[in-house]
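Novice: In our numbering, the protein residues as written are 1 to 194.
Each residue gets a CB set at the ideal place from its N, CA and C atoms; glycine is no exception.
None of the values given here were measured: they were computed from a predicted structure.
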Amino acid sequence: MFAVVRTGGKQYRVAPGDKIVVEKVDGNAGDRITLGDVLLAGDGGSLKSTSGLTVAAEIVAQAKADKVTVFKKRRRHNYRRKKGHRQQHTILKIVAIGDHKEQKKAAPKAESAPAKPADAAPAKENKPKAVADAQKSSDVAGTPTENPAPADKKAANAPKGAAKKAAPAKAKAESGSTKNAAPAKGAKKAPKGK
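#1: Quick one: is alanine 21 buried, meaning 16 or more other Cβ sit within 10 Å of its Cβ, or exposed?
#2: State the Cα-Cα distance for the pair lysine 67 and glycine 45, rounded to the nearest angstrom.
#3: Quick one: what does DSSP say arginine 74 is sitting in, helix, strand or coil?
#4: For the stretch 38 to 52 against the stretch 68 to 86, do three or more pairs of beta-carbon atoms, one drawn from each stretch, fall closer than 8 Å, so that the two count as touching?
#5: With a threshold of 8 Å on Cβ separation, who are the neighbours of arginine 13 within its own chain once the five nearest residues in sequence on each side are excluded?
#6: Starting from valine 95, trace the beta strand (DSSP E) in both directions and tell me its first and last residue.
#7: Could you please give the first and the last residue of the uninterrupted beta strand (DSSP E) stretch that includes serine 46?
#8: Counting along the chain, where does the beta strand (DSSP E) carrying lysine 82 start and finish?
#9: Taking C-beta to C-beta, are lysine 24 and histidine 89 nearer than 8 Å?
#10: If you draw a straight line from the alpha carbon of alanine 7 to that of aspartate 18, how long is it in whole angstroms?
#11: Determine the closest residue to glutamine 11 out of Lys48, Gly36 and Lys192, with distance taken between C-alpha atoms.
#12: Looking only at C-alpha atoms, which of Gly9, Lys192, Gln103 and Pro16 sits nearest to threonine 54?
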């Protein structure tokens with residue numbers, strides 16, 4: 001069952017169990033409210049009558065949006081005004097639409113894995129935390145692959161036995177120059193040795 005409700009001058013498509021962010025509604029966290037302005041209701045592909053239909057919701061939290069900077073300027077008139085604004089929002093959880101309540105999702109069944117010997121210690125893998133968390137999640141369809149490219153391209157192209165050469169040090173200017181000054185005229189560059 002779904003419904004389209006209007007609150008705060010905006011329309012939202014909701015279903016039982018959904019969380020939505022709407023314009024500020026009076027109340028504290030945990031309070032129950034009803035949204036009576038139902039524009040459309042349906043179940044699957046068929047539409048239902050909206051007369052007398054209400055949507056029950058629970059206030060999760062009162063929050064504020066990100067800051068928006070309002071800056072006005074009129075050039076050549078020494079006119080600048082800067083203000084900030086944070087819109088207040090209410091986070092709602094839809095509890096029921098009419099007499100249709102949220103259905104509890106069944107816990108996913110654990111697949112039976114082959115038993116491991118007790119004396120074998122599990123091998124510790126050095127994976128990033130985000131990759132390990134993503135693999136634990138049941139929402140992930142596939143498993144991520146490791147990047148086969150080495151981090152250092154120069155090391156990959158060099159022969160295996162070759163040692164890394166140190167980069168030649170840059171020659172310092174003879175006189176202490178300032179940030180925007182031209183280099184000294186008498187300074188000679190170090191010859192490039194190969």
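Specialist: This is what the structure holds:
#1: Going by the sequence as given, residue 21 is valine instead of alanine. Valine 21 comes out exposed.
#2: 40 Å
#3: strand
#4: no
#5: Phe2, Ala3 and Val4
#6: 88 to 97
#7: 46 to 48
#8: 79 to 85
#9: yes
#10: Sequence inspection shows threonine at residue 7; the alanine mentioned does not correspond to that position. One C-alpha to the other measures close to 15 Å.
#11: Gly36
#12: Pro16
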